[in-house]
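Undergrad:
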Amino acid sequence: MNPLMQFSQVLAKHGCKITFLTSDENYNKMKTTSINDGEGKLMEPHINLVSLPDGVNPQDDRKDLAKVILSTRITMSPMLPKLIEDINNLDSDNKISCIIVTKNMGWALEVAHQLGIKGALFWPASATSLVSFNSMERLVEEGIVDPQSGIPRKQEIQLSLNLPMMEAAAMPWYSLSNAFFFLHMMKEMQNVNLGEWWLCNTSMDLEAEAISLSPKFLPIGPLIGNEDNNIGSLWQEDETCLECDQLMNKTYICDVWKVGLGFEKDENGLITKEEIKKKVDELLEDEEIKERSLKLMEIVVKNKSEGDKNLNKFINWAKE
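Residue 64 in this note's numbering sits at position 64 of the sequence shown, and the numbers go up by one each step.
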């Protein structure tokens, strides 16, 4: 939720009035985690926090993400229309004109579609990763991916002719090793496609090939966070996430942009300190990598104005 909160702050600074929906559980966490640090200022003045129950029982294990995701959808979905109606009745001059969701909240776009409200997806990760999720149904139809488990039947996958060949393990759903999440994301993408825009924190110069695959893509990056008002996280710090290697990002960093080096594991599947030192030394001594990195930085800076332009385009559309 942190990226969506940060994006809400960006929209608020552009004069948008934001109603941020979260679960009762997460709302309560905001009172005890770093999100509420700093003179008690929770968010921007134009952001109103509301919550709904997610249906997860107190005795249930909230680390069971499948249970939380299913319960949230089943419980919140029928309650959202009434919440929207109540909010609109409180201020008839500022009715909700657009619903923005992030991953696992696609059901809200389905509700928006039924109510005739505009909808959009905010995707803080790469456009290529979203393309991979949107390609799941096609990969199943072509026999490249098992329809139940999501396990690829090939060692390498090319999502499009214009995108690089990637290891099957680089697919975002592969690392989850969970049939539920594969089938859930298949359904999720059906709802996500109800949104008129897919707002991605990227730029055309960085991911032109991926962005060109759908007219829904609107690159609004790079979005730069506000260091003076870092809203932190809803969850206590958890180092288990460090085990997750972002293999799709690695493909672009090492093979496409060529501004980084990957680590090689030893016979025990471990990355040794000697391997880390070796790659760090290689990275710092490689003048070509330095040159490409500087060029990439220039591209990102140059695209800031284009991202702002697209963001304003979206805001004007949402307010219509």
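Glycine included, every Cβ here is placed at the ideal spot set by N, Cα and C.
Any idea what DSSP makes of Ile-289, helix, strand or coil?
TA: helix
Undergrad: Within 10 Å of its beta-carbon, does Leu-234 have 16 or more other beta-carbons around it, so buried, or fewer, so exposed?
TA: Confidence at Leu-234 is low in this model, with a pLDDT of 49, below 50, so its placement is unreliable and the value that follows should be read with caution. Label assigned to Leu-234: buried.
Undergrad: Can you find the residues in the same chain that come closer than 6 angstroms, C-beta to C-beta, to Gly-221, ignoring five residues on each side of it along the sequence?
TA: Excluding residues within five positions, the ones whose Cβ falls inside 6 angstroms are Asn-201, Thr-202, Ser-203 and Gly-307.
Undergrad: Where does Ile-99 land, buried or exposed, given buried means 16+ other C-beta within 10 angstroms?
TA: buried
Undergrad: Skipping 5 residues on each side, what residues in its chain have a beta carbon closer than 6 angstroms to that of Val-145?
TA: Leu-139 and Pro-152
Undergrad: How should Met-297 be labelled, buried or exposed, when 16 other C-beta atoms within 10 angstroms of its C-beta is the threshold for buried?
TA: exposed
Undergrad: Please state if the CB of Met-248 and the CB of Met-186 are separated by a distance shorter than 8 angstroms.
TA: no
Undergrad: For chain B, is any of its Cβ atoms less than 8 angstroms away from the one on Glu-188?
TA: Looking for chain B here will not work: only one protein chain is present.
Undergrad: Is the beta carbon of Trp-123 less than 8 angstroms from the beta carbon of Leu-130?
TA: yes
Undergrad: Assess contact between the segment 104-112 and the segment 60-80, defined as three or more Cβ pairs (one per stretch) separated by less than 8 angstroms. Is contact present?
TA: With the cut-off at 8 angstroms, the segment 104-112 and the segment 60-80 touch.
Undergrad: Tell whether a beta-carbon distance below 8 angstroms holds between Leu-65 and Thr-22.
TA: no
Undergrad: Evaluate Ser-149 with the Cβ neighbour count: other Cβ atoms within 10 Å of its Cβ, from every protein chain shown; 16 or more gives buried, anything less gives exposed.
TA: exposed
Undergrad: How would you write the range of the alpha helix (DSSP H) that Gly-307 sits in, first residue to last?
TA: Run containing Gly-307: 304-319, per the alpha helix (DSSP H) assignment.
Undergrad: Could you pull the DSSP bridge partners for Leu-218 from this structure?
TA: Leu-199
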